[in-house]
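A.B. asks:
Protein chains: 2
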Amino acid sequence: MERSPNPELACPVAPVVDIVFSRWTTPILWALHEYGRQRFGELERLLPTITPKVLTQRLRQLERDGLVARTYHAEMPPRAEYEITPLGASLGPLFAQLATWADTGLPEVERARQAYDSH
Amino acid sequence: MERSPNPELACPVAPVVDIVFSRWTTPILWALHEYGRQRFGELERLLPTITPKVLTQRLRQLERDGLVARTYHAEMPPRAEYEITPLGASLGPLFAQLATWADTGLPEVERARQAYDSH
DNA sequence: CAGTATCCAATCCGATACTG
DNA sequence: CAGTATCGGATTGGATACTG
């Protein structure tokens, strides 16, 4: 059994992190999963602190990675709709387990931080 | 049933992401989980591209969050050892599921990217 | 050995203004 | 409406050198 010299590459989690857990991606995926197909402006309202520039960047990345699908209607005014793809939806159980861990894990992290900071 | 106006905050995944999936944290946790307790220099060798400054930063953060434990021996030369805590180890099943998703998900992402880039 | 200190480059990100 | 263009500040991260 040979050991890889580089767990950064060997770590099977690392490549997924870049795709799924970069900034803003989980709130966007969550919003599309919870509330269904949304227009650009609706997403802006659902994520009040994101700017249109960053929202566009993240949506393009998610679209390129196949997690979100964009449909554009060249009407006047124009209409763009975003929805989660089957591949994106396949992350559902993962997110659910993450939320489950958060129930007990986050309070423990909070306690650890307070213990650490008081020294 | 009231809807939260801000999925960034409502998204139960978001708070965990900051703790567990910030840069370098998963390779570090993975290394400690796979190879057990490691000294600072051993971790440096396992993660060849990380610099000591950044490794220290991430280890301090993980220690503060209670995911990693540090034991320091003031010998000459000094010795510092890092190991995963029970809380850190409780992420194991999550990482496993993440790795499972990667098996089928990453190739699909790759195909989606090639399709996207060819337009 | 196990870090710190310092400097610098790249990136990100928000604010703002503008367009088809 | 659904973005794009531009600018500037802040954060991050690598390279390098140094210390108890």
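Protein chains in written order, with UniProt numbering: chain V, 1 to 119; chain Y, 1 to 119.
Glycine included, every Cβ here is placed at the ideal spot set by N, Cα and C.
In whole angstroms, what separates the C-alpha of Y/ARG23 from that of Y/TRP101?
C.D. replies: 20 Å
A.B. asks: So what does DSSP say about V/VAL13, is it helix, strand or coil?
C.D. replies: In the three-state DSSP reduction, V/VAL13 falls in the coil class, being neither helix nor strand.
A.B. asks: Which stretch, first to last residue, makes up the alpha helix (DSSP H) that contains V/ILE28?
C.D. replies: That run of the alpha helix (DSSP H) goes 25-35.
A.B. asks: Quick one: does V/GLY105 have its CB under 8 Å from some CB of chain Y?
C.D. replies: yes
A.B. asks: Determine the chain V residues that contact Y/LEU94 at a beta-carbon separation under 7 Å, and present them in chain order.
C.D. replies: GLN97, LEU98, TRP101
A.B. asks: Would Y/HIS72 count as contacting chain V if we go by Cβ distances under 8 Å?
C.D. replies: Rather than His, the amino acid found at residue 72 of chain Y in this sequence is Tyr. Chain V, which has no Cβ nearer than 8 Å to the Cβ of Y/TYR72, makes this no.
A.B. asks: Just the Cα atoms here: how many angstroms apart are V/GLU75 and V/VAL20?
C.D. replies: 32 Å
A.B. asks: Which same chain residues end up closer than 6 Å to V/TYR72 when comparing Cβ atoms and leaving out the 5 residues on each side of it in sequence?
C.D. replies: ALA80
A.B. asks: Can you say whether V/VAL17 is buried or exposed, counting buried as having 16 or more other CB atoms within 10 angstroms of its CB?
C.D. replies: buried
A.B. asks: Judging by CA-CA distance, which residue of V/PHE40, V/ALA99, V/TYR116 is the nearest neighbour of Y/ALA14?
C.D. replies: V/ALA99
A.B. asks: Within 10 angstroms of the Cβ of V/VAL109, are there 16 or more other Cβ atoms? Answer buried if so, exposed if not.
C.D. replies: The residue in question, V/VAL109, is buried, as its Cβ has 16 or more Cβ neighbours within 10 Å.
A.B. asks: If we cut at 8 Å on Cβ distances, does Y/PHE40 have a partner in chain V?
C.D. replies: no
A.B. asks: Determine, using beta carbons only, whether Y/ILE19 comes closer than 8 Å to chain V.
C.D. replies: yes
A.B. asks: By DSSP, does Y/ALA99 sit in helix, in strand, or in coil?
C.D. replies: Residue state, collapsed to three classes: helix.
A.B. asks: Under 8 Å, Cβ to Cβ, is there at least one residue of chain Y near V/LEU59?
C.D. replies: no
A.B. asks: Using the rule of at least 16 other Cβ atoms within 10 Å of the residue's Cβ for burial, across every protein chain shown, is V/THR25 buried or exposed?
C.D. replies: So V/THR25 counts as buried.
A.B. asks: Tell me which residue opens and which closes the beta strand (DSSP E) that Y/ALA69 is part of.
C.D. replies: 68-73
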